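All letters in the sequence shown, in the order written, are residues 0 to 316 by numbering that gives the first Met the number 0. Worksheet: the structure to be examined is printed underneath.
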Amino acid sequence: MYNTEAELALSMNISVKQLRWLAFKPFTYPVIHYSRFQIAKKTGETRTIYAPKPYLKTAQIYILKNILDNLAVHDAAHGFRRHRSIITNAQPHVGADIIIKLDLENFFSSITYKHVQKLFLSLGYSQSIGTLLSLICTIKDVETCHPRCLPSGSPASPTISNLVCYNLDQNLSQIASDLGFTYTRYADDLTFSGKRDRANISTLIKQLLAVIAQFGFKINPNKIQILPKSVRQEVTGIVVNHKLNISQTKLKAFRATLHQIEQDGLSGKKWGNSPNLIASITGFSNYVAMINPEKGGELLESVERIKQKHILNTPVL
């Protein structure tokens, strides 16, 4: 526990002046501490990333490792955690009669400075130290004029989001349990599963929306899904109707892509959003292997053949 600015600065191996520069300068000059860029989302939209520059990133990593990593996260949370994944998030929903999926809109930017400050103060830090820690971990986007919030790109933001959402997860878990549903959360993806009971489903959604709003979040109305067993039920990209599985449509498309690459080479081919095609096809093959080792193994063998044929045997000019 740090009681003074001097103690906090000393533990971070910086001066008090540097500590205050990291905390207070971003109020008016966020460009000093962050690099801003955009990445493509699956929907075709873009997501703004604020990557902290080295001095600030070092401070955020220190806070993450020495303060945040030791704190308890709710058991319903599966994102951004060791030994948890999209697979552990999907597993509890296998074989359910009905699956309800909701999406928290603008997740990181909805977690404001006040949320983060409340977290640090709840740990016993003084107002001044809690303020410093909160300022270092949040950003004010002067272009959007949104309240100061968690930046997408900070190494501390994912863990802070889970900690801030502890009470939300607790409330949603209780509502779900009372109505006979199972609840998990992976970052901004909320999933509920249970028996197909129209009355309970209606009551569940009504109560969920009220609690979510109470905690300062909004649901994306275009992403509310109610999936009966008669349709393909996917949770964090994994089919869960009878067992954990990969979408056959996506798997077929991927195999076709691998075949084209193996026959004709890498030029003009694409899979996913990464410009590194080999990394993309390797990553997806490993993802399949986690869910279905046999199918994943076959895909990884295809990727290895592609590497041997089109990379390792390419003559150096």
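Note that the Cβ used here is the ideal one computed from N, Cα and C, for glycine as well. Computed from a predicted model, the values in this text were never measured in an experiment.
| request: Find out if the Cβ-Cβ distance for the pair I97, G193 is shorter than 8 Å. | output: Against the sequence shown, residue 97 aligns to sequence position 98. Against the sequence shown, residue 193 aligns to sequence position 194. Going by C-beta atoms, I97 is nearer than 8 Å to G193.
| task | Please name the residue in I211, I159, R195, L257 whose C-alpha comes closest to that of D102. | result | Locating residue 102 in the sequence shown gives position 103, where the first residue counts as 1. For D102, the nearest C-alpha among the options comes from I211.
| In chain order, what residues of the same chain have a beta carbon less than 7 Å from the beta carbon of L316, not counting five sequence neighbours either side? | In the sequence shown, residue 316 corresponds to position 317, counting from 1. Note that L316 scores 48 on pLDDT, short of 50, meaning its location in the model is unreliable; the coordinates nonetheless yield the value given after this. The beta carbon of L316 is closer than 7 Å to none in its chain, skipping five residues each way along the sequence.
| request: May I ask you to report which of helix, strand or coil DSSP gives P154? | output: Taking the first residue of the sequence shown as 1, we reach residue 154 at position 155. Secondary structure at P154: coil, using DSSP grouped into helix, strand and coil.
| field | Own chain partners of R231 with C-beta closer than 8 Å, once the 5 adjacent residues on each side are dropped | value | One-based indexing of the sequence shown puts residue 231 at position 232. Result list for R231: V238, N240, S246, in chain order.
| Nearest to F79 by CA position, among I310, K308, A155, I174, is which residue? | Here residue 79 is taken as the residue at index 80 of the sequence shown, counted from 1. The residue with the shortest Cα to Cα distance from F79 is A155.
| message | If the criterion is Cβ atoms closer than 8 Å, does the pair L226 and V93 meet it? | response | Residue 226 sits at position 227 when you count from the first residue of the sequence shown. Residue 93 sits at position 94 when you count from the first residue of the sequence shown. One thing to note: L226 has its Cβ no nearer than 8 Å to the Cβ of V93.
| query | Would DSSP call G295 helix, strand or coil? | reply | For this step, residue 295 is matched to residue 296 along the sequence shown. The answer is helix: DSSP assigns G295 an H, G or I state.
| message | Could you check whether the segment 196-208 touches the segment 170-178, counting it as contact only if at least three pairs of C-beta atoms, one from each stretch, sit closer than 8 Å? | response | yes
| request: Going by DSSP, name the residue or residues bridged to K352. | output: Limits of the chain in this structure are 0 at one end and 316 at the other, which puts residue 352 out of reach.
| said: I'd like to know whether the C-beta atoms of T183 and R147 end up nearer to each other than 8 Å. | reply: Along the sequence shown, one-based indexing puts residue 183 at 184. Along the sequence shown, one-based indexing puts residue 147 at 148. Taking 8 Å as the Cβ cut-off, T183 and R147 do not qualify as a contacting pair.
| task | Can you tell me which of the three DSSP states S279 falls into? | result | Residue 279 sits at position 280 when you count from the first residue of the sequence shown. DSSP places S279 in helix when its eight states are reduced to three.
| Element boundaries [alpha helix (DSSP H), containing A39] | Against the sequence shown, residue 39 aligns to sequence position 40. For A39, no alpha helix (DSSP H) run applies; the uninterrupted beta strand (DSSP E) run containing it begins and ends at 33-39, by DSSP.
| said: Quick check on DSSP: helix, strand or coil for V238? | reply: One-based indexing of the sequence shown puts residue 238 at position 239. Strand at V238.
| message | Residues in the same chain with beta-carbon distance under 7 Å from Q90, minus the five sequence neighbours each way, listed in chain order, please. | response | Your numbering for residue 90 matches position 91 in the sequence shown. Cβ within range, chain order: L243.
| message | Applying the 10 Å Cβ sphere with the 16-neighbour rule, what's the burial state of F253? | response | Position 254 of the sequence shown holds residue 253. Classification for F253: buried.
| message | Please identify the residue among W20, Q17, S160 whose C-alpha is closest to the C-alpha of F216. | response | To locate residue 216, count along the sequence shown from 1; it is residue 217. Closest in alpha carbon position to F216, among W20, Q17, S160, is S160.
| query | Any idea what DSSP makes of P146, helix, strand or coil? | reply | Taking the sequence shown and counting its residues from 1, the one referred to as residue 146 is at position 147. Taken through DSSP and simplified to helix, strand or coil, P146 comes out as coil.
| task | Determine the closest residue to P220 out of A8, K100, Y33, S10, with distance taken between C-alpha atoms. | result | To locate residue 220, count along the sequence shown from 1; it is residue 221. The residue with the shortest Cα to Cα distance from P220 is K100.
| Cutoff 8 Å; reference K24; Cβ partners in own chain excluding five residues on either side | Position 25 of the sequence shown holds residue 24. Cβ within range, chain order: I31, H32.
| task | Report yes or no: do the segment 267-280 and the segment 121-129 share at least 3 C-beta pairs separated by less than 8 Å? | result | no
| field | C-alpha distance - I218 paired with N170, whole-angstrom precision | value | Sequence index remark: in the sequence shown, residue 218 carries index 219 (1-based). Sequence index remark: in the sequence shown, residue 170 carries index 171 (1-based). Near 16 Å, if we compare the C-alpha coordinates of N170 and I218.
| request: Report yes if the CB atom of L18 is closer than 8 Å to the CB atom of I62, and no otherwise. | output: Locating residue 18 in the sequence shown gives position 19, where the first residue counts as 1. Locating residue 62 in the sequence shown gives position 63, where the first residue counts as 1. No, they are not a contact pair.
| message | Taking the straight line between their C-alpha atoms, what separation do you get for K268 and S301? | response | Within the sequence shown, residue 268 is the residue found at index 269, counting from 1. Within the sequence shown, residue 301 is the residue found at index 302, counting from 1. Roughly 15 Å separates the two Cα atoms.
| task | On a CA-only basis, which of G236, L276, D263, D168 is nearest V72? Give me that one, please. | result | As a working mapping, residue 72 is identified with position 73 in the sequence shown. With distances taken between Cα atoms, V72 lies closest to D168.
| query | Which residues mark the beginning and the end of the beta strand (DSSP E) in which F180 is found? | reply | Indexing the sequence shown from 1 puts residue 180 at position 181. 180-185 is the span of the beta strand (DSSP E), which, as asked, contains F180.
| query | For the candidate residues L134, Y54, S127, whose alpha-carbon lies nearest to that of H114? | reply | Working through the sequence shown from its first residue, we reach residue 114 at position 115. Of L134, Y54, S127, the residue nearest in Cα terms is L134.
| Cβ neighbour criterion (16 or more within 10 Å) applied to T137 | Taking the first residue of the sequence shown as position 1, residue 137 is located at position 138. Burial call: buried.
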